[in-house]
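If you read the protein sequences in the order shown, they are chains A and B.
Heads up: the first sequence at position 110 corresponds to 110 in my numbering, and the numbers run straight through without jumps.
Heads up: the second sequence at position 62 corresponds to 311 in my numbering, and the numbers run straight through without jumps.
Read through the structure below, which is laid out as structure tokens, and then see the notes.
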Amino acid sequence: MLSINNLHVSVADKPILKGLTLEVPAGEVHAVMGPNGAGKSTLGYSLSGRPGYEVTDGSASWNGQDLLDLDPAERAAAGVFLSFQYPMEIPGVPAMTFIRTALNAQKRARGEEEVSAPAFLKQVKAASQALKMDFDMLKRPLNVGFSGGEKKRMEILQMALLEPSLLILDETDSGLDIDALRIVSDGVNALRRADRSMLVITHYQRLLDYIKPDKVHVLAAGRIVASGGPELALELEAEGYDKFLPTAA
Amino acid sequence: MSAAFQIDLTNAETFPTRRTEAWKYSDLKRWLREAPEPSGTALVGAPGPFYDLGGEAIVFANGRPVGVTDFIASGVQTLRLRFLSDAIGTGHTAAARIVARPGARLLLLETHEGKGSAYVAHNKVEIDVARDAEVTRIVLIEEPEDAISVTNAEVRLEAGGRYRQTVVTTGAKLQRIETQLSHGAEGADARLDGLYLLKGSRHADLTTVVDHLAADGTTSQLTKGVVHDAARGVFQGKIIVERGADGTDARMAHNALIASERGEIDAKPELIIYADDVQCAHGNTVGTLDESALFYMQQRGIPADEARALLVQAFLFEVIDRIEDEAAKEVVRAWLTARL
């Protein structure tokens, strides 16, 4: 279970999250929706430990483990995976090398045995086929010169191979056309499991047609201001975020 | 003759200072006020990084030749040129001369293997590449952090001669690796690459002077470097295209990363062109490690130090990837990986 309690986060001394409380039980998919500037990306970065995102109060734990005490790589080894809105380009490091390095680093951190090169190659081939990815892309430097859709697919491939237990999807639908959106959503849906939780951060309801959430939360001005079932997303789509925004004095 | 060639370790008057333009970033006199006492003998111990690639060997131990100092290559040959230093506070000079006869193909594997401390080493290499010959010179340098060394190579290319050079160093207290190359006749082809990976307060200065005296010569240069801590990297690349050297194609690039607050890079690219029909270009970039990329890698589980090393390795390997000889390339890759 992901458990966030009264989380306060500042960026460059400016408070962004102001007492965010949220729980995602194991096996559930929760959507966090909100207008621009509500703190959606900050939530993802805070949970994954990005430098510059200073937690000033509150707590966040995953399966009982305090996340805020861990460095980003330790959080990854504990199962946290943040799918970036704009995945970074890693020049000179082939995608396959990158993923294998990450997988083995996580395994080392958990005291597990590393995966051998041939065994890994098999896993990669199967996973890339499932995502209809050209295998040659995996020999190229990670994300360098990839299209928006290719980058997102590469994120899903990494999820499939790293097998995180907590998935945070930050605006996964941005920059995707409808075909790419379907492939990426299918990839995410294939990862749904009873012991895996997902936090889907999105501005638009569109993504939730493809990745069906168990619950929807509205994030506005740094706090969760409303929670409900999937119908809440439709309501937001129809009526907008206005009623959740603090009224100007 | 360059200033480096004229350095005489027994005479402090010959040590350049930063008032000499070509030495302004590497003030030898500052670190070496007096002539060092001459080094004693040294033993030849370990076989050196390129031992497995076989071939002939020229070995200097504290400047003293262990056997021959000159080598004439014909046909396809491999030569290991080893400059060994094992001294404390003393100085020594070594000089080797290499000739590749017409049509020869020489793989010249040079290593500077330093032990001891605070020694001063001066190494000179003369290389003549005859008509249609090819020399590939790969240099691996590892010295103590308090050593001082100056290495100067003078390379002369005849018509159609090909020269490939890759210098890889981890620096020293003050270390200068200088290459003077002349395209003496038409249609010669040179690649001069360099790589420095510096930690602590180490200093490495990769200086090249390429002189196009004849037509239709090509020069391609790629130097990349990374400085950590308070290290300092220097790149000076000068390309001169003399009158009449038409059809010259010369390209020079230097790209460096500063991976710390106190690291320093000094770069001085120079193109001096007296001919009309030439193509010349140079590029120079100095940056820092991409913090966003670092976070992305950590988010996927790669610890910060490993992520940094991976980015640095990827950055530097571009230079090593240009080495044509596969076996030598593998040795250099492994050598560098062990020192990241």
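Backbone N, C-alpha and C fix where the C-beta goes; we use that ideal spot for every residue, glycine too.
The structure displayed is predicted, hence computed values, not measured ones.
Quick one: residues in its chain with C-beta nearer than 8 Å to the C-beta of residue i, no 5 flanking neighbours on either side, listed in chain order?
i                      : result
residue 277 of chain B : 256, 264, 265, 266, 397, 399, 423 and 425
residue 649 of chain B : Any property of residue 649 of chain B remains undetermined from this structure, which presents chain B solely from 250 to 589.
residue 419 of chain B : 390, 391, 392, 445, 446, 447, 448, 451, 453 and 588
residue 233 of chain A : 31, 33, 205, 208, 213 and 216
residue 56 of chain A  : 8, 9, 10 and 15
At a cut-off of 7 Å, is residue i close to the ligand NAP when judged by its beta-carbon and the heavy atoms of the ligand?
i                      : result
residue 420 of chain B : Although the ligand NAP was asked about, the structure shown includes no ligands whatsoever.
Kindly list the residues whose CB is nearer than 6 Å to the CB of residue i, restricted to its own chain and excluding five residues on each side of it in sequence; keep chain order.
i                      : result
residue 344 of chain B : 373
residue 562 of chain B : 589
residue 537 of chain B : 507
residue 466 of chain B : 432, 437 and 497
residue 502 of chain B : 471 and 532
residue 227 of chain A : 217
residue 95 of chain A  : 138 and 142
residue 521 of chain B : 489
For residue i, write down the residues that DSSP places opposite it in a beta bridge.
i                      : result
residue 445 of chain B : B:418 and B:474
residue 18 of chain A  : A:8
residue 287 of chain B : B:340
residue 363 of chain B : B:334
residue 572 of chain B : Residue 572 of chain B pairs with nothing; no bridge assigned.
residue 504 of chain B : B:473 and B:534
residue 412 of chain B : B:384 and B:439
residue 23 of chain A  : A:3
residue 306 of chain B : B:329
residue 265 of chain B : Its beta-bridge partners do not exist; DSSP assigns none.
residue 518 of chain B : B:486
residue 398 of chain B : B:370 and B:424
residue 320 of chain B : B:347
residue 215 of chain A : A:30
residue 453 of chain B : B:482
Assign residue i to one of two classes, buried (16 or more other C-beta atoms within 10 Å of its C-beta) or exposed (fewer than that).
i                      : result
residue 292 of chain B : exposed
residue 118 of chain A : exposed
residue 335 of chain B : buried
residue 456 of chain B : buried
residue 51 of chain A  : exposed
residue 46 of chain A  : buried
residue 248 of chain A : The pLDDT assigned to residue 248 of chain A is 47, lower than 50, so where the model puts this residue is not dependable; a value taken from the coordinates is nonetheless given after this. Classification for residue 248 of chain A: exposed.
residue 317 of chain B : exposed
residue 42 of chain A  : buried
residue 523 of chain B : exposed
residue 403 of chain B : buried
residue 125 of chain A : exposed
residue 135 of chain A : exposed
residue 270 of chain B : exposed
residue 552 of chain B : buried
residue 178 of chain A : exposed
residue 295 of chain A : Outside the shown range of chain A (1 to 249) lies residue 295 of chain A, about which nothing can therefore be said.
residue 298 of chain B : buried
residue 255 of chain A : The first residue shown for chain A is 1 and the last is 249, placing residue 255 of chain A beyond what the model contains.
residue 401 of chain B : buried
residue 572 of chain B : buried
residue 36 of chain A  : exposed
residue 338 of chain B : exposed
residue 583 of chain B : exposed
residue 376 of chain B : buried
Leaving out the 5 sequence neighbours to the left and right, which residues in its chain are closer than 7 Å to residue i when beta-carbon positions are compared?
i                      : result
residue 279 of chain B : none
residue 259 of chain B : 284
residue 127 of chain A : 157, 160 and 161
residue 211 of chain A : 29, 185, 188, 189 and 200
residue 394 of chain B : 421, 422, 449 and 451
residue 541 of chain B : none
residue 313 of chain B : 290
What residues from the region 488-512 of chain B come within 7 Å of chain A, judged by C-beta to C-beta, listed N to C? Residues passing the 7 Å Cβ filter: none.
What are the uninterrupted segments assigned as alpha helix (DSSP H) that are 4 or more residues long and contained completely in the region 48-136 of chain A, given in chain order? You should have 72-77, 95-109 and 117-130.
Interface residues of the region 34-60 of chain A facing chain B [CB-CB below 7 Å]: Answer set for the region 34-60 of chain A: 48, 50 and 51.
Select from the region 442-457 of chain B all residues with a C-beta closer than 8 Å to any C-beta belonging to chain A, and list them in chain order. Answer set for the region 442-457 of chain B: empty.
Proximal residues, the region 161-178 of chain A versus chain B, C-beta separation under 8 Å: Cβ contacts with chain B come from 162.
For the region 202-222 of chain A, list every residue whose C-beta sits within 9 Å of some C-beta in chain B, in sequence order. Answer set for the region 202-222 of chain A: empty.
Cβ-based contacts, 8 Å cut-off: residues of the region 530-555 of chain B near chain C: Among the chains of the structure shown, chain C does not appear; the protein chains present are A and B.
For the region 109-139 of chain A, which residues have a CB atom closer than 8 Å to at least one CB atom of chain B, in sequence order? Taking 8 Å as the Cβ-Cβ cut-off, the region 109-139 of chain A approaches chain B at 109, given in chain order.
If contact means a Cβ-Cβ distance below 8 Å, which residues of the region 563-581 of chain B contact chain A? The region 563-581 of chain B vs chain A, Cβ under 8 Å: 563, 564, 566 and 567.
Going residue by residue through the region 128-198 of chain A, where are the continuous beta strand (DSSP E) segments of at least 3 residues, counting only ones entirely within it? Here the runs fully enclosed are 166-170.
Interfacial residues, the region 139-159 of chain A to chain B, with Cβ spacing under 7 Å: Cβ contacts with chain B: 158.
With 8 Å as the C-beta to C-beta threshold (strictly closer), list the residues of the region 82-95 of chain A near chain B in chain order. Within the region 82-95 of chain A, contact with chain B at the beta-carbon level (separation under 8 Å) is assigned to 82, 84, 87, 88, 89, 90, 91, 92 and 93.
Can you give me, in chain order, the residues of the region 393-423 of chain B that have a beta carbon less than 9 Å from any beta carbon in chain A? Cβ contacts with chain A come from no residue of the region 393-423 of chain B.
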